[in-house]
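Take 1 as the starting number for the sequence shown in the UniProt record's numbering and just add one per residue.
A short write-up of the structure that comes next.
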Amino acid sequence: MITTRGLARSFHANGQQVDAVKGIDIDVLAGECVTLLGPNGAGKTTSFRMLTTLLRPTAGTAIVAGCDLLADPAGVRRHIGYIAQGGGTSGEHTVFEELELQGRLYGLSKAEARRRCGEVMEQLELTALEKRLASTLSGGQRRRLDVALGLVHSPPVVFLDEPTSGLDPQSRAALWKRVHMLRAELGTTVFVTTHYLEEADAFSDRVLIIDHGRIIAEGTPEALKAKVSGHRVEITVPTDMVQATAAIAARLPDASEPLVRGDSVRFQVPKGEAVIPDLIRALDFASIPALSIQVVRPTLDDIFLLLTGRSIREDAIAKASTPDRT
Ligand SMILES: Nc1ncnc2c1ncn2[C@@H]1O[C@H](COP(=O)(O)OP(=O)(O)OP(=O)(O)O)[C@@H](O)[C@H]1O
1 MITTRGLARS FHANGQQVDA VKGIDIDVLA GECVTLLGPN GAGKTTSFRM
51 LTTLLRPTAG TAIVAGCDLL ADPAGVRRHI GYIAQGGGTS GEHTVFEELE
101 LQGRLYGLSK AEARRRCGEV MEQLELTALE KRLASTLSGG QRRRLDVALG
151 LVHSPPVVFL DEPTSGLDPQ SRAALWKRVH MLRAELGTTV FVTTHYLEEA
201 DAFSDRVLII DHGRIIAEGT PEALKAKVSG HRVEITVPTD MVQATAAIAA
251 RLPDASEPLV RGDSVRFQVP KGEAVIPDLI RALDFASIPA LSIQVVRPTL
301 DDIFLLLTGR SIREDAIAKA STPDRT
């Protein structure tokens, strides 16, 4: 449903060239839900803007929903829904009017546009809000309207750029649930960007990890996590005891070099549960009161850490905006 070969885009800003996307090969099959996961500035939005015809690639080719991106951009536009970061509504129309207008822009007849408005409002639980001005909606309601706008013309492919950014965890889960219901009912192909690791893990069939404009890993969340062997152990202790705790951790059999962050010490071991008794005994002997000890299974962040030596999570936390409830 989406195929790219060597797709690239460079920008020129302040006399400098920025290679935002450096030749990516992507294959998304019909009906799949695929996530493009990466830290800030990795090239996610630039990739989406190219695939939705808003930005011309500097190099490479792409076929989207059977249409050639370069030769037939109008064909691509007819077959896709794009839910941009920050949404696409002006806010001065009611929910119903926004949806009807969008349907008409996509060439639906008035009657068909109205019928589809009714359907998508029901699917995204917007029916009770149909007469509300879009500008008066809460963040979660507004994001649901954005998704409805992307779906009103029944596209076979939807691009969702950070659909849950800025929403609280409950609203994020609810939005994902609705997107998946639509996919199950209509077989829509869903291509989505996020920097929320847990969402990529829980809701995607496949994850593409992008960093510095290149796809550095891809696979099912399970297959990606399986590349990181063992468990991570995290111990929280009083701050003045972290160095002594790190020294104890370093002496445990097969433990990786401990990493100290604030009042916590982290390290990798082949089997978390096997080292816990020794660890507790050693802490007890040294009179170090452990405030918490956690054995964490690998996450998608661990694979990113393994490949790049950096954490997506820390980058994302820096960017996270104030959560907005439905
Ligand atoms: N119009 C532009 N002019 C110059 N540089 C740009 C432009 N648009 C994007 N870039 C740069 O290209 C790189 C990729 O940006 P992009 O917005 O695609 O990243 P992203 O992964 O979507 O990040 P985020 O998660 O912060 O939205 C960044 O270094 C960005 O500064």
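Virtual Cβ for every residue (Gly too), placed ideally from N, Cα, C.
The structure displayed is predicted, hence computed values, not measured ones.
Buried versus exposed call for residue i [16 or more other C-beta atoms within 10 Å across all chains shown]
{"i": "leucine 29", "result": "exposed"}
{"i": "valine 296", "result": "exposed"}
{"i": "glutamine 123", "result": "buried"}
{"i": "isoleucine 317", "result": "Here isoleucine 317 scores only 49 on pLDDT, less than 50, and its place in the model is too uncertain to base an answer on."}
{"i": "valine 260", "result": "exposed"}
{"i": "aspartate 278", "result": "exposed"}
{"i": "isoleucine 209", "result": "buried"}
{"i": "lysine 177", "result": "exposed"}
{"i": "isoleucine 235", "result": "buried"}
{"i": "phenylalanine 267", "result": "buried"}
{"i": "leucine 105", "result": "exposed"}
{"i": "methionine 121", "result": "buried"}
{"i": "residue 336", "result": "Any property of residue 336 remains undetermined from this structure, which presents the chain solely from 1 to 326."}
{"i": "glycine 6", "result": "exposed"}
{"i": "threonine 322", "result": "In this prediction, threonine 322 scores a pLDDT of 39, lower than 50, which makes its location untrustworthy; no coordinate-derived value is stated."}
{"i": "serine 292", "result": "exposed"}
{"i": "glutamate 162", "result": "buried"}
{"i": "alanine 8", "result": "buried"}
{"i": "leucine 12", "result": "Rather than leucine, the amino acid found at residue 12 in this sequence is histidine. The residue is exposed, with fewer than 16 neighbouring Cβ atoms inside 10 Å."}
{"i": "lysine 44", "result": "buried"}
{"i": "glutamate 273", "result": "exposed"}
{"i": "serine 135", "result": "exposed"}
{"i": "arginine 310", "result": "exposed"}
{"i": "glutamine 102", "result": "buried"}
{"i": "glycine 15", "result": "exposed"}
{"i": "arginine 325", "result": "Model confidence at arginine 325 stands at a pLDDT of 39, short of 50, so the residue's coordinates are unreliable; what they give is reported in the following sentence. It counts as exposed."}
{"i": "alanine 42", "result": "buried"}
{"i": "arginine 49", "result": "buried"}
{"i": "alanine 320", "result": "For alanine 320, the predicted model reports a pLDDT of 46, less than 50, meaning its position is unreliable; a value from the coordinates is still stated below. Exposed, by the Cβ-count rule."}
{"i": "glutamine 17", "result": "exposed"}
{"i": "aspartate 68", "result": "exposed"}
{"i": "alanine 20", "result": "buried"}
{"i": "arginine 143", "result": "buried"}
{"i": "alanine 74", "result": "exposed"}
Selected residue, minimal CA-CA separation from residue i, among the options
{"i": "phenylalanine 203", "options": "Glu32, His153, Thr136", "result": "Glu32"}
{"i": "arginine 78", "options": "Leu51, Gly15, Gly60, Ala59", "result": "Leu51"}
{"i": "alanine 244", "options": "Ser264, Val207, Gly219", "result": "Ser264"}
{"i": "lysine 131", "options": "Glu92, Gly103, Gly150, Val147", "result": "Glu92"}
{"i": "arginine 115", "options": "Phe96, Gln141, Glu199", "result": "Phe96"}
{"i": "isoleucine 216", "options": "Leu300, Ala134, Gly103", "result": "Leu300"}
{"i": "leucine 145", "options": "Ile83, Phe159, Tyr196", "result": "Ile83"}
{"i": "leucine 167", "options": "Thr188, Ser154, Gln141", "result": "Gln141"}
{"i": "alanine 226", "options": "Tyr196, Glu98, Ile303", "result": "Ile303"}
{"i": "aspartate 205", "options": "His195, Gly213, Pro221, Arg143", "result": "Pro221"}
{"i": "residue 340", "options": "Thr189, Gly139, Gly230", "result": "Examination of residue 340 is not possible in this model, given that the chain is present from 1 through 326 alone."}
{"i": "isoleucine 2", "options": "Val192, Thr239, Leu197", "result": "Val192"}
{"i": "glutamine 294", "options": "Ile280, Leu307, Leu306, Glu185", "result": "Ile280"}
{"i": "glutamate 98", "options": "Arg251, Ser229, Leu149, Ser171", "result": "Leu149"}
{"i": "lysine 110", "options": "Leu283, Ala59, His153", "result": "His153"}
{"i": "alanine 71", "options": "Thr189, Leu126, Arg56", "result": "Arg56"}
{"i": "leucine 305", "options": "Ser256, Val228, Thr4", "result": "Val228"}
{"i": "proline 169", "options": "Leu197, Gly81, Val275, Val18", "result": "Leu197"}
{"i": "glycine 81", "options": "Leu186, Leu54, Ser10, Leu160", "result": "Leu160"}
{"i": "glycine 262", "options": "Met241, Pro156, Pro270, Ala282", "result": "Met241"}
{"i": "glycine 219", "options": "Val275, Ala200, Gly213", "result": "Ala200"}
**Request:** For the segment 136 to 213, list the beta strand (DSSP E) runs that are entirely contained and at least 3 residues long, ordered along the chain.
**Result:** 157 to 161, 189 to 194, 206 to 211
**Message:** What ranges does the alpha helix (DSSP H) occupy inside the segment 9 to 63, keeping only unbroken runs of at least 4 residues that lie completely in it?
**Reply:** 44 to 51
**Length-filtered (4 minimum) alpha helix (DSSP H) runs lying within the segment 226 to 310** = 242 to 250, 272 to 285, 300 to 308
**By C-beta, the residues closer than 6 Å to any heavy atom of ligand 1, given in chain order** = Phe11, Ala13, Val18, Ala20, Gly38, Asn40, Gly41, Ala42, Gly43, Lys44, Thr45, Thr46, His195
**Message:** Taking 8 Å as the cut-off, does the segment 64 to 79 touch the segment 36 to 47 (at least 3 CB pairs, one atom from each stretch)?
**Reply:** No, they do not touch.
**Item:** Segment contact, 8 Å Cβ cut-off, at least three pairs: the segment 9 to 24 with the segment 179 to 193
**Value:** no
**Message:** Would you call the segment 283 to 291 in contact with the segment 224 to 241, where contact means no fewer than 3 C-beta pairs closer than 8 Å?
**Reply:** yes
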